[in-house]
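Enquirer:
Numbering (UniProt numbering), first residue to last: 1 to 113.
(1) Based on the DSSP secondary-structure assignment, which residues constitute the bridge partners of residue 51?
(2) What residue does the beta strand (DSSP E) around residue 92 start on, and which one ends it?
(3) How big is the Cα-Cα spacing for residue 28 and residue 52?
(4) Can you tell me whether residue 98 is buried or exposed? The criterion is at least 16 other CB atoms within 10 Å of its CB, across all chains shown.
(5) Would you check if the region 86-93 and the region 57-71 touch, i.e. whether three or more CB-CB distances between them fall below 8 Å?
(6) Taking just the CA atoms, how far does residue 31 sit from residue 23?
(7) Under 8 Å between the Cβ atoms of residue 95 and residue 87?
(8) Between the beta-carbon of residue 34 and the beta-carbon of residue 48, is there less than 8 Å?
(9) Just the Cα atoms here: how many angstroms apart are residue 56 and residue 71?
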């Protein structure tokens, strides 16, 4: 298990609060899974899912009752990233501040490395 402020992926206080709100409405030990998949307008895209099962090799990040899972294939793409939650004129959404991304699309959900 990784502390959200010291691991390869961190979770902001705002994101932890929102994740906690979302997971609080779920049953059966729900966790947020973040993964990276091929696709999107920039080559890769972030995917967010509710998951109730943790794989043995998942990276587990906890902060303030928020539990986030990252599969081992996605960890290198997310290394050093911060998961944040923003509520602005574009709407409310999770945003990943990824230092590995060399370009991203306007919507913020796809990127290239």
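Built from N, CA and C at the ideal position, the CB exists for glycine as well.
No experiment lies behind these values; they were computed from the predicted model shown.
Expert: Let me spell this out:
(1) Residue numbering aside, residue 51 sits at position 51 when the chain shown is read from its first letter. DSSP lists 31 as partners of residue 51.
(2) Here the question's residue 92 lines up with position 92 in the chain shown. Taken as a continuous stretch (DSSP letters only), the beta strand (DSSP E) holding residue 92 covers 91-97.
(3) The sequence position of residue 28 within the chain shown is 28, counting from 1. The sequence position of residue 52 within the chain shown is 52, counting from 1. Distance between the alpha carbons of residue 28 and residue 52: 7 Å.
(4) Numbered from its first residue, the chain shown carries residue 98 at position 98. Its Cβ being crowded by 16 or more others within 10 Å, residue 98 is buried.
(5) Segment contact: the region 57-71 against the region 86-93, fewer than three CB-CB distances shorter than 8 Å; contact not assigned.
(6) Taking the first residue of the chain shown as 1, we reach residue 23 at position 23. Taking the first residue of the chain shown as 1, we reach residue 31 at position 31. Using only the alpha carbons, I get a separation of about 7 Å.
(7) Against the chain shown, residue 95 aligns to sequence position 95. Against the chain shown, residue 87 aligns to sequence position 87. It is not a contact, given that the beta carbons lie outside the stated cut-off.
(8) Within the chain shown, the letter at position 34 stands for residue 34. Within the chain shown, the letter at position 48 stands for residue 48. Closer than 8 Å, so yes.
(9) Taking the first residue of the chain shown as 1, we reach residue 56 at position 56. Taking the first residue of the chain shown as 1, we reach residue 71 at position 71. Approximately 10 Å, taken between the alpha carbons.
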